[in-house]
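**Student:**
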Ligand code: ADP
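Numbering (our numbering), first residue to last: 30 to 362.
1. Quick one, which of 55, 52, 94, 71 has its alpha-carbon nearest residue 327's?
2. What separation, rounded to the nearest whole angstrom, lies between the Cα atoms of residue 33 and residue 66?
3. In three-state DSSP terms, what is residue 338?
4. Which same chain residues end up closer than 8 Å to residue 161 when comparing Cβ atoms and leaving out the 5 residues on each side of it in sequence?
5. Is residue 210 helix, strand or coil by DSSP?
6. Output needed for residue 188: all residues of its chain with C-beta closer than 6 Å, excluding positions within five of it in sequence on either side, in chain order.
7. Just to check my reading of the structure: residue 165 and residue 112 have Cβ atoms closer than 8 Å, yes? What is that Cβ distance to the nearest angstrom?
8. Would you mind working out which of 36, 247, 82 sits nearest residue 167, comparing C-alpha positions?
9. Indicate whether residue 201 and residue 55 have their beta-carbon atoms separated by less than 8 Å.
10. Assign residue 210 to one of two classes, buried (16 or more other C-beta atoms within 10 Å of its C-beta) or exposed (fewer than that).
11. Decide if the segment 323-343 is in contact with the segment 295-307; the criterion is three or more beta carbon pairs, one per stretch, under 8 Å apart.
12. Among the residues of its own chain, which have a CB less than 7 Å from the CB of residue 101, if the five just before and after it don't count?
13. To the nearest whole angstrom, what separates the beta carbons of residue 345 and residue 169, a pair I think is in contact under 8 Å?
14. What residue from 72, 91, 39, 46 has the CA that sits closest to residue 333's CA?
15. Let's test the definition: count the other Cβ atoms within 10 Å of the Cβ of residue 240 and tell me whether it reaches 16, buried, or not, exposed.
16. Counting along the chain, where does the alpha helix (DSSP H) carrying residue 66 start and finish?
17. Whole angstroms are fine: how far does the CA of residue 159 sit from the CA of residue 134?
18. Got a sec, what are the start and stop residues for the beta strand (DSSP E) residue 37 sits in?
19. Quick one, which of 219, 264, 302, 280 has its alpha-carbon nearest residue 49's?
20. Once the 5 residues before and after residue 245 are set aside, which same chain residues still bring their CB inside 8 Å of it?
21. Is residue 83 buried or exposed, if buried means 16 or more other CB atoms sit within 10 Å of its CB?
22. Within the same chain, show all residues whose beta-carbon is closer than 6 Å to that of residue 106, passing over the 5 residues directly before and after it, in chain order.
23. Kindly indicate the opening and closing residues of the beta strand (DSSP E) around residue 316.
24. Taking 7 Å as the cut-off, is the C-beta of residue 49 nearer than that to any heavy atom in ligand 1?
25. Please give the ranges of any alpha helix (DSSP H) in the segment 215-250, keeping only runs that are unbroken, at least 4 residues long and fully inside the region.
26. Would you decide whether residue 38 is buried or exposed? Buried here means 16 or more other CB atoms lie within 10 Å of its CB.
27. Would you please state the rounded distance, in angstroms, between the beta carbons of residue 128 and residue 194? I believe it to be under 8 Å.
28. For the alpha helix (DSSP H) holding residue 140, just list the boundary residues, first then last.
29. Going straight from the alpha carbon of residue 273 to that of residue 290, what length do you get?
30. Please report the straight-line C-alpha distance between residue 275 and residue 217, rounded to a whole angstrom.
31. Hey, quick one: how far does the alpha helix (DSSP H) through residue 134 stretch, first residue to last?
32. Name the DSSP beta bridge partners of residue 99, please?
33. Which same chain residues end up closer than 6 Å to residue 267 when comparing Cβ atoms and leaving out the 5 residues on each side of it in sequence?
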């Protein structure tokens, strides 16, 4: 493992994990954990940009940890830690802020979205969100960042900030790349096909790993369909494409093929398709959900996981920050 590539990624503790988080992020974490040197983080500081009320933070942090572990993440194998437990993050964030320009930050798509969503709280942390994210990645000198497609632009900014630092102060950081195990970056659509599944938007069209079986079935059966194509060449509307995409994630290949053939023969029955999708989705989610409940019972174990992760992350952060201070000339004796 000494020479393995370094991997870093994070998830905010802002609510229940959903299928987008699973297929965009957590599934990749689990697939990478054996063969790479991995740092996976609960981004509690990032959550303060949109969730200034911290009453539910502890519960949310515990839940996200349990959800990741229930999905197969092994805290003995990776450094699995909370962002706020590694204070070097804040130091690197400060230095990188001097290399990030207001204009480029204001142009970020996610920033503009957040300005629309919370016009009453356009805080500086929201503006510099991609800088904090870059600090998280560079703190471990990571080169691979498993994330969903929505994070592509942030990764491009991270490369810019890393290069700017390297040019100004010396080559310390590799260029981080967005990464998906095996194929392109994933975007899990919302059930109505109008956007992506998300912790904060499209809640009725998002399937959570905590959803009970009957909720999963209800959400899927409610998904919009129509009376089907009338011509074998009819392109799939967004809401039908979304159902096919979701089916591809959890159903067997032959099942997806059958419905695709039915579609091109104009004989598709969307009621049957949604029933099948609900069965397969429940089979996929229910073991994870039950596992989460068990893990959440054991607070002592959760604490151990956090302590163990923080220790590994701090060790790596400390080494990087010594190099950073040296390179920047912040060493006066
Ligand atoms: P959210 O957008 O739900 O608040 P986060 O911002 O915490 O989630 O993102 C955590 C990870 O989940 C990121 O890697 C992000 O790319 C991924 N992700 C979130 N939603 C989706 C989605 N609908 N499809 C694919 N990946 C997603």
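By construction, the Cβ of each residue, glycine as well, lies at the ideal position given by its N, Cα and C atoms.
**Tutor:** Reading off the structure:
1. For the purposes of this step, residue 327 is identified with residue 298 of the chain shown, where counting begins at 1. Selected option, being the one with the closest Cα: 94.
2. In the chain shown, counting from the first residue as 1, residue 33 sits at position 4. In the chain shown, counting from the first residue as 1, residue 66 sits at position 37. Roughly 6 Å separates the two Cα atoms.
3. The sequence position of residue 338 within the chain shown is 309, counting from 1. Residue 338: helix per DSSP, three-state reduction.
4. What you label residue 161 is simply residue 132 of the chain shown in a count that begins at 1. So the list reads 74, 75, 118, 122, 154, once near-sequence residues are dropped.
5. If you number the chain shown from 1, residue 210 lands on position 181. In the three-state DSSP reduction, residue 210 falls in the coil class, being neither helix nor strand.
6. Residue numbering aside, residue 188 sits at position 159 when the chain shown is read from its first letter. Closer than 6 Å at the Cβ level, and outside the excluded window around residue 188, lie 204.
7. In the chain shown, the residue the question calls residue 165 occupies position 136. In the chain shown, the residue the question calls residue 112 occupies position 83. Indeed, because the Cβ distance is near 7 Å, the residues count as touching under 8 Å.
8. Numbered from its first residue, the chain shown carries residue 167 at position 138. Residue 36 holds the alpha-carbon nearest to the alpha-carbon of residue 167 among 36, 247, 82.
9. In the chain shown, the residue the question calls residue 201 occupies position 172. In the chain shown, the residue the question calls residue 55 occupies position 26. No, Cβ-Cβ distance for residue 201 and residue 55 is not below 8 Å.
10. The sequence position of residue 210 within the chain shown is 181, counting from 1. Result: exposed.
11. By the Cβ test, the segment 323-343 is not in contact with the segment 295-307, since fewer than three Cβ pairs between them sit closer than 8 Å.
12. Within the chain shown, residue 101 is the residue found at index 72, counting from 1. 59.
13. The residue given as residue 345 occupies position 316 in the chain shown. The residue given as residue 169 occupies position 140 in the chain shown. With 8 Å as the limit, residue 345 and residue 169 qualify as a contact, their Cβ atoms being about 5 Å apart.
14. Locating residue 333 in the chain shown gives position 304, where the first residue counts as 1. Closest by alpha carbon: 91.
15. As a working note, residue 240 is residue 211 in the chain shown. With 16 or more other Cβ atoms inside 10 Å of its own Cβ, residue 240 counts as buried.
16. Position 37 of the chain shown, counting from 1, holds the residue named residue 66. Element bounds for residue 66: not the alpha helix (DSSP H) but the beta strand (DSSP E), 66-71.
17. Taking the first residue of the chain shown as 1, we reach residue 134 at position 105. Taking the first residue of the chain shown as 1, we reach residue 159 at position 130. The C-alpha of residue 159 is placed about 8 Å away from the C-alpha of residue 134.
18. Reading the chain shown from its first residue, position 8 is the one you call residue 37. Run containing residue 37: 35-40, per the beta strand (DSSP E) assignment.
19. Locating residue 49 in the chain shown gives position 20, counting from the first residue. It is 219.
20. Taking the chain shown and counting its residues from 1, one reaches residue 245 at position 216. Closer than 8 Å at the Cβ level, and outside the excluded window around residue 245, lie 236, 307, 310, 311, 314.
21. Position 54 of the chain shown holds residue 83. Exposed.
22. If you number the chain shown from 1, residue 106 lands on position 77. Cβ within range, chain order: 62.
23. For the purposes of this step, residue 316 is taken as the residue at position 287 of the chain shown. Here residue 316 belongs to no beta strand (DSSP E); instead the alpha helix (DSSP H) covers 299-326.
24. Here residue 49 refers to the residue found at position 20 when the chain shown is read from its first residue. Taking non-hydrogen atoms of ligand 1 into account, the C-beta of residue 49 is found less than 7 Å away from one of them.
25. When DSSP assignments are scanned along the segment 215-250, no uninterrupted stretch of alpha helix (DSSP H) that is 4 or more residues long falls wholly within it.
26. Counted from its first residue, the chain shown places residue 38 at position 9. With 16 or more other Cβ atoms within 10 Å, it is buried.
27. Residue mapping note: residue 128 aligns to position 99 of the chain shown, counting from 1. Residue mapping note: residue 194 aligns to position 165 of the chain shown, counting from 1. By a beta-carbon distance limit of 8 Å, residue 128 contacts residue 194. Their separation comes to about 6 Å.
28. Within the chain shown, residue 140 is the residue found at index 111, counting from 1. Counting along the chain, the alpha helix (DSSP H) containing residue 140 begins and ends at 138-146.
29. Within the chain shown, residue 273 is the residue found at index 244, counting from 1. Within the chain shown, residue 290 is the residue found at index 261, counting from 1. Across the structure, residue 273 and residue 290 are spaced so that their CA atoms are roughly 12 Å apart.
30. Here residue 275 is taken as the residue at index 246 of the chain shown, counted from 1. Here residue 217 is taken as the residue at index 188 of the chain shown, counted from 1. Rounded to whole angstroms, residue 275 to residue 217 spans 7 Å at the Cα level.
31. In the chain shown, counting from the first residue as 1, residue 134 sits at position 105. Element bounds for residue 134: 131-135.
32. Mapped onto the chain shown, residue 99 falls at position 70. Beta-bridge pairing links residue 99 to no other residue.
33. By one-based count along the chain shown, residue 267 stands at place 238. Setting aside the 5 residues that flank it on each side, residue 267 is surrounded in the same chain by 222, each with a C-beta closer than 6 Å to its C-beta; the list follows chain order.
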